[in-house]
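If you're matching positions, the sequence shown starts at 1 in my numbering and goes up one per residue. C-beta atoms are modelled at their ideal positions from N, C-alpha and C, and glycine is treated no differently. The structure appears below as structure tokens.
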Amino acid sequence: MKKGKKLYEGKAKIIFATNQKDLVIQHFKDDATAFNNQKKSNIEGKGVLNNRISEHILTNLSDVGVKNHFVKRLNMREQLIKFVEIIPIEFIVRNIATGSLTKRLGIEDGTVLENPLIEYCLKNDDLGDPLISKEHIFAFDWATTKEIEKINKSLYRINDFMSGMFRGVGIKLVDFKVEFGRIKINGKNEIILADEISPDTCRLWDNKTEKKLDKDRFRNNLGNLIQGYKEVARRLGILHEQSNIRPIKFTKPTEVNIKKNR
Ligand code: UDP
């Protein structure tokens, strides 16, 4: 497998071509952004952890029948994935109200939702990824009715599986964002899960203390982001070989590893 030219560079990842046209390399950077790119930092080690955590989750999802783009991990920061045409929608699933939902609708932070709530946002940084309805999706041909039906089913399956997986290690899956892509498999058009699933794209709270183990540590200046991500990896059994990882401490509201740009 030969690494080719850079095809695309996003906020947290770079996609490289390979010598096989249906496969690309996904490289995880240490860059962190929040609030539509207004807050930026470089957090040493974040890309390595997200590469491992995303591999773990997508491999497990594949085992329970959720088709996705992951092929294999190549090294600490890179994984081989299937090349897909990304559907320009961010699919958000919420189990507990927090973040933009509470701000937008005045729902009390921490409200447990009776049923998982699906939201759609247009993938467009210039517009700040605005919330859209199914009607917008169909009116502007961003996806078909059939595709959205399939994706919604898959979202509930992914949520069920991940909620259980995290519950098993003492973590509440509060919400998450996923993306899907179109691909031809044996001449047939398919929709598969793509992008990444990591503490950058999920909200993960410790079951007992409700301490945040995800990117909210960066968004809200809570500090210790890497320790949070490492704690997630350790509980999922990904970091067992590293016995020198110190237990998580959430005391200081400063991010030692963050070099603030602004
Ligand atoms: N999310 C994401 N990328 C985005 C926007 C949201 O991964 O561009 C994730 C976010 O980490 C959270 C969920 O989607 O797990 C819901 O995010 P929310 O809309 O509350 O985002 P906020 O505006 O608070 O970042």
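Go ahead and pull the three-state DSSP assignment for ASP129. For the purposes of this step, residue 129 is identified with residue 129 of the sequence shown, where counting begins at 1. Correct three-state label for ASP129: coil.
Opposite SER41 in the DSSP bridges: which residues? By 1-based counting over the sequence shown, the position of residue 41 is 41. Answer is ALA32.
By alpha-carbon positions, which one of THR144, ALA17 and LEU7 ends up nearest to ILE89? Start at 1 with the first residue of the sequence shown, and residue 89 comes out as number 89. Nearest of THR144, ALA17 and LEU7 to ILE89, Cα basis: THR144.
For THR59, which residues of its own chain have a beta-carbon under 7 Å away from its beta-carbon, when the five flanking residues on both sides are left out? Position 59 of the sequence shown holds residue 59. Excluding positions up to five away in sequence, the list reads PHE70.
Pull the bridge partners of TRP142 from the DSSP assignment, please. Here residue 142 refers to the residue found at position 142 of the sequence shown. According to DSSP, which records beta bridges pairwise, TRP142 is partnered with nothing at all.
If distances are taken between C-alpha atoms only, which option among ARG235, ASN36, GLY4 and MET76 comes closest to PHE28? Counting from one through the sequence shown, the residue named residue 28 turns up at place 28. Ranking the options by Cα distance to PHE28, first place goes to MET76.
Taking the straight line between their C-alpha atoms, what separation do you get for VAL24 and ILE14? In the sequence shown, counting from the first residue as 1, residue 24 sits at position 24. In the sequence shown, counting from the first residue as 1, residue 14 sits at position 14. Answer to the nearest angstrom: the Cα atoms are 10 Å apart.
Identify the residues that DSSP records as bridge partners of HIS27: which are they? To locate residue 27, count along the sequence shown from 1; it is residue 27. DSSP lists ILE14 and GLU78 as partners of HIS27.
Rounded separation between ILE43 and ARG203 - CA only: If you number the sequence shown from 1, residue 43 lands on position 43. If you number the sequence shown from 1, residue 203 lands on position 203. Whole-angstrom Cα-Cα distance: 18 Å.
Do VAL264 and LEU155 have their C-beta atoms closer together than 9 Å? Since the first and last residues shown for the chain are 1 and 262, residue 264 lies out of range.
Return the Cβ separation of ASN50 and GLU196 in integer angstroms, given the expectation that the two are a contact with Cβ distance under 8 Å. Indexing the sequence shown from 1 puts residue 50 at position 50. Indexing the sequence shown from 1 puts residue 196 at position 196. Yes, they are in contact, since the Cβ atoms of ASN50 and GLU196 sit about 6 Å apart, within 8 Å.
Rounding to the nearest angstrom, what Cα-Cα distance links GLY4 and LYS21 in this structure? Translated into the one-based positions of the sequence shown, residue 4 becomes position 4. Translated into the one-based positions of the sequence shown, residue 21 becomes position 21. Rounded to whole angstroms, GLY4 to LYS21 spans 10 Å at the Cα level.
Within 10 angstroms of the Cβ of ARG52, are there 16 or more other Cβ atoms? Answer buried if so, exposed if not. Stepping through the sequence shown from its first residue, residue 52 is reached at position 52. ARG52 is buried by the Cβ-count criterion.
Separation of ASN124 from ILE107, as counted between CA atoms: Indexing the sequence shown from 1 puts residue 107 at position 107. Indexing the sequence shown from 1 puts residue 124 at position 124. If I take the Cα positions, the gap works out to 25 Å.
Evaluate the contact criterion for the segment 107-116 versus the segment 73-87: three or more CB pairs, one atom per stretch, below 8 Å. no
In three-state DSSP terms, what is GLU149? Position 149 of the sequence shown, counted from the start, is the residue given in the question as residue 149. Looking at GLU149 - three-state DSSP - the assignment turns out to be helix.
May I ask whether a heavy atom of the ligand UDP can be found less than 8 Å away from the beta carbon of SER100? On the sequence shown, position 100 is the one that residue 100 refers to. Yes.
Please report the straight-line C-alpha distance between ILE57 and SER198, rounded to a whole angstrom. Within the sequence shown, numbered from 1, the residue matching residue 57 stands at position 57. Within the sequence shown, numbered from 1, the residue matching residue 198 stands at position 198. Straight-line Cα distance between these residues: approximately 8 Å.
Beta-carbon proximity check, GLU147 vs PHE180, cutoff 9 Å: Translated into positions along the sequence shown, residue 147 becomes position 147. Translated into positions along the sequence shown, residue 180 becomes position 180. Cβ distance < 9 Å, so GLU147 and PHE180 count as in contact.
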